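Presented below is the structure to which this report refers.
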Amino acid sequence: MDTHGITDTVDELTRQNLESDECQPLLPPEETCDEESDCPDSILKPKYAKMPYAKRPSPTVLIVAFAIYATAIIAWSLMSINVLINLVCQREYGSESSNSGTAGSLISILAAPIVENPALCQTPLVQKKTARFQIVMETVQSLVAMITVTRLGELSDRIGRKPLLLWCGVCTVLNALIWLPCVLFGWHYYTLVAGSFFTGLSGSVPMLMAMNHSYATDVVRSKHRAKVFGYMHGAIFAGAALGPFAVGRITRSWGIVAAMGFSLSLQMVFLGIIFFLVPESRSKLKRKYSTHFKRVNSRSRLAGSSGRNNSGVFADDTSGVRDPNKNKVRISIVEEASQSAPDLRTPDFSGNHSSGNSDSDSGKKGRVSKSVAAVKEHFESLSILSFSNRSRSTRINAWIILSIDAFMYCSQVGVVGLLVLYSGFRFKWGTEQTGNMISLMGLSKVLAVMLFMPVVMGILNRVFVTRLNHIDMTDLFVIRLGMIVNCMGWFGVATATSGTLFLIAVASMSLSSTASPTLQSALVKYIDRKDTGRLLGALALLHHICSLLAPIVFTSIYTLTVDTRPELCFYIVSGIFASMFVATLFISHPSDDE
Numbered sequence: 001m002d003t004h005g006i007t008d009t010v011d012e013l014t015r016q017n018l019e020s021d022e023c024q025p026l027l028p029p030e031e032t033c034d035e036e037s038d039c040p041d042s043i044l045k046p047k048y049a050k051m052p053y054a055k056r057p058s059p060t061v062l063i064v065a066f067a068i069y070a071t072a073i074i075a076w077s078l079m080s081i082n083v084l085i086n087l088v089c090q091r092e093y094g095s096e097s098s099n100s101g102t103a104g105s106l107i108s109i110l111a112a113p114i115v116e117n118p119a120l121c122q123t124p125l126v127q128k129k130t131a132r133f134q135i136v137m138e139t140v141q142s143l144v145a146m147i148t149v150t151r152l153g154e155l156s157d158r159i160g161r162k163p164l165l166l167w168c169g170v171c172t173v174l175n176a177l178i179w180l181p182c183v184l185f186g187w188h189y190y191t192l193v194a195g196s197f198f199t200g201l202s203g204s205v206p207m208l209m210a211m212n213h214s215y216a217t218d219v220v221r222s223k224h225r226a227k228v229f230g231y232m233h234g235a236i237f238a239g240a241a242l243g244p245f246a247v248g249r250i251t252r253s254w255g256i257v258a259a260m261g262f263s264l265s266l267q268m269v270f271l272g273i274i275f276f277l278v279p280e281s282r283s284k285l286k287r288k289y290s291t292h293f294k295r296v297n298s299r300s301r302l303a304g305s306s307g308r309n310n311s312g313v314f315a316d317d318t319s320g321v322r323d324p325n326k327n328k329v330r331i332s333i334v335e336e337a338s339q340s341a342p343d344l345r346t347p348d349f350s351g352n353h354s355s356g357n358s359d360s361d362s363g364k365k366g367r368v369s370k371s372v373a374a375v376k377e378h379f380e381s382l383s384i385l386s387f388s389n390r391s392r393s394t395r396i397n398a399w400i401i402l403s404i405d406a407f408m409y410c411s412q413v414g415v416v417g418l419l420v421l422y423s424g425f426r427f428k429w430g431t432e433q434t435g436n437m438i439s440l441m442g443l444s445k446v447l448a449v450m451l452f453m454p455v456v457m458g459i460l461n462r463v464f465v466t467r468l469n470h471i472d473m474t475d476l477f478v479i480r481l482g483m484i485v486n487c488m489g490w491f492g493v494a495t496a497t498s499g500t501l502f503l504i505a506v507a508s509m510s511l512s513s514t515a516s517p518t519l520q521s522a523l524v525k526y527i528d529r530k531d532t533g534r535l536l537g538a539l540a541l542l543h544h545i546c547s548l549l550a551p552i553v554f555t556s557i558y559t560l561t562v563d564t565r566p567e568l569c570f571y572i573v574s575g576i577f578a579s580m581f582v583a584t585l586f587i588s589h590p591s592d593d594e
């Protein structure tokens with residue numbers, strides 16, 4: 001690619017001041033339109049609203065596609081647990097039957113494709129082996145995702161959102177294609193680790209959600225973005241309600257293989273919609289700009305203290321370091337988050353390629369030091385979570401809120417999966433019954449977010465004063481209510497003696513989902529507007545760390561206690577949420593803040 005041509009393009013963009021409102025801060029106070037008549041008629045930015053219908057980016061089509069994808073993935077997640085139980089059971093009883101010669105009652109479970117047999121497979125031994133292998137799969141997925149998620153986010157600014165959306169879909173299809181031979185032909189379940197690797201390469205659902213947010217940021221006017229983001233979260237909850245319910249009915253009528261085929265077909269439909277019906281949201285001009293911006297940053301890091309002057313729009317008159325207050329452009333949410341984790345593979349423009357053993361040794365040391373620096377830079381984005389530019393009382397408030405948010409995410413990725421294992425072990429449920437449970441959880445979250453939360457927030461906003469730079473009583477009320485509901489819900493899950501009581505506890509616990517968006521909204525109040533993207537990126541990285549550690553901790557507890565007290569991990573979760581509620585009492589009243 002011609003560097004001078006790109007430089008001219010960037011200079012042209014700068015001279016025009018990048019009139020698109022994408023260049024405004026992530027949360028601008030106010031937005032104007034090029035043509036006032038265009039604003040009331042469309043949620044799209046004026047330049048996109050004027051495009052022909054066939055080429056016009058549509059967040060509505062993307063939301064529909066994402067709802068289909070969420071339905072498929074959540075349904076697959078449910079099936080995968082029950083399928084893994086049966087695959088482990090198949091191997092366990094297969095080895096025993098080959099030694100003892102008894103196979104009369106094991107024909108159904110040893111057949112390929114597998115057939116669910118809860119009465120035979122829901123044993124402590126199978127539960128332990130299944131939970132331990134889940135730790136391996138989730139660890140592989142989380143480690144790969146932690147490495148790729150920042151790279152993919154940064155790459156989407158240079159090649160566009162659509163290729164990354166397709167990449168996420170293709171990786172999940174590859175994962176499904178690895179599961180099918182294990183079910184149909186009796187492959188060893190160790191093969192499923194490769195599927196976890198592909199899922200990690202895609203960044204999993206959080207990466208796809210980030211791509212959706214970036215797509216909406218590209219094309220939707222800022223005052224409508226919150227509404228579009230809400231619809232995207234609603235698509236996840238709708239998928240959580242519809243997917244498991246449909247899978248349960250299909251499994252009862254045609255078996256687990258048909259249910260897996262249903263989920264795989266929905267994933268293919270998602271790919272078809274993205275490929276044929278979703279136009280690229282990022283213009284070629286801005287993609288060239290992002291490529292040039294990346295190149296300038298790489299060269300300026302290499303120039304370092306030598307004061308090398310980079311040619312281009314970000315060149316400084318006296319040094320190679322970009323003036324942060326000059327030609328400042330906000331490209332997208334993903335690029336803001338990824339700037340804190342720059343490209344590790346910095347090219348060598350110096351032209352010095354000496355040979356010899358000493359040079360080779362020094363080169364190895366240099367690569368090691370670069371690797372260490374790269375790891376440090378990868379986690380450097382977490383530094384914003386120290387809130388170092390705030391007062392002590394404000395930092396305590398922010399850290400308490402951050403701890404609650406992190407643990408709520410840990411409970412989702414680390415404990416919710418154990419609900420399927422525990423319900424199957426305690427109540428001998430199969431895919432249909434666990435599907436109904438997950439659907440009930442999703443429906444409860446939809447009701448909480450779409451109906452309960454707007455009503456409660458409207459009432460509280462009329463009673464309490466809303467603050468823009470500090471946590472207010474409305475936020476505190478919702479957060480404390482969420483902690484109480486979570487504490488009681490998990491305690492009900494642990495003490496439930498029947499399936500009905502178990503479902504009631506699960507449904508009531510799901511109503512606390514209103515606390516999660518409130519927590520992140522409260523955290524945003526403690527930073528400057530210009531750092532919102534950095535905060536979102538840091539929270540995403542923190543959540544990936546939680547997704548790595550939480551399943552290991554809680555699944556290990558479950559495997560150690562499944563013989564005697566399988567509900568112990570739920571008691572622990574309930575106790576921690578009680579502690580979180582006590583911690584919220586130490587959050588200073590808004591009037592006491594700085």
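According to UniProt numbering, the sequence shown holds residues 1 to 594 in order. Positions of the beta carbon are idealized from the N, C-alpha and C atoms, including for glycine. It should be emphasised that the depicted structure is a prediction, and the values quoted were computed from it without experimental measurement.
Partner residues in the beta bridge of V220, as assigned by DSSP, are L44. By the neighbour-count criterion, in which 16 or more other beta carbons inside 10 Å mark a residue as buried, W254 falls on the exposed side.
In this structure, the alpha-carbon of L165 lies about 17 Å from that of H233. The region 189-199 makes contact with the region 134-143; the number of CB pairs closer than 8 Å reaches 3 or more. Apart from sequence neighbours up to five positions away, the residues of its chain that approach T199 with a beta-carbon distance below 7 Å are Q141, C171, T172, N175, ordered along the chain. Between G442 and A240, the beta carbon gap of about 3 Å places them in contact (Cβ cut-off 8 Å). Here S510 is not near V413, since their CB atoms are 7 Å or more apart.
In this structure, the alpha-carbon of Q122 lies about 10 Å from that of K128. In the three-state reduction of the DSSP assignment, E567 falls in the coil class. DSSP, reduced to helix, strand and coil, places S263 within a helical segment of the structure shown. For Y422, the enclosing alpha helix (DSSP H) covers residues 416-427. The region 557-572 and the region 409-423 touch, with no fewer than 3 CB-CB distances between them shorter than 8 Å. When the beta-carbon positions are compared, S411 and V144 stay at least 7 Å from each other. Beyond the five residues adjoining it in sequence on each side, I81 comes within less than 6 Å, by CB distance, of V420 in the same chain, given in chain order.
Between the alpha carbons of Q520 and R158 lies a gap of roughly 28 Å.
K525 and H470 have their C-alpha atoms spaced approximately 6 Å apart. Judged by beta-carbon spacing, A216 lies within the 7 Å limit of R225, meaning their Cβ atoms are closer than that value. Classified as exposed, V582 has fewer than 16 neighbouring CB atoms from the shown chains inside 10 Å of its CB.
Looking from the CA of L277, the closest CA among P551, S579, K55, I438 belongs to K55. If you look at W167, you'll find it in the alpha helix (DSSP H) that goes 161-185.
Cα atoms of M580 and T191: separation of roughly 40 Å, rounded to the nearest angstrom. About 5 Å separates the Cβ atoms of I384 and A538, confirming a contact at the 8 Å cut-off. T434 is the residue among T434, S508, V485, L541 whose C-alpha sits nearest the C-alpha of L242. Taking every protein chain shown into account, the CB of A448 has 16 or more other CB atoms within 10 angstroms, so this residue is buried. In the DSSP annotation of this structure, the continuous segment of the alpha helix (DSSP H) that includes D475 starts and ends at 473-495. CA-CA distance, V553 to T130, rounds to 15 Å.
For R56, there is no enclosing alpha helix (DSSP H), as DSSP marks it with neither H nor E.
In this structure V257 is in contact with V183, their Cβ atoms being roughly 6 Å apart against a cut-off of 8 Å.
Under the DSSP assignment, R462 falls in the alpha helix (DSSP H) whose first and last residues are 453-463.
D528 is classed as exposed because its beta carbon has fewer than 16 other beta carbons within 10 Å across all chains shown. Taking each of G482, A515, M488 in turn and checking the Cα distance to I504, the smallest one comes out for M488. Of the other Cβ atoms in all chains shown, 16 or more fall within 10 Å of the Cβ of F270; this residue is therefore buried.
P517: member of the alpha helix (DSSP H) spanning 515-524, first to last residue. Counting the other CB atoms within 10 Å of its CB gives R282 a total of 16 or more, which places it among the buried residues.
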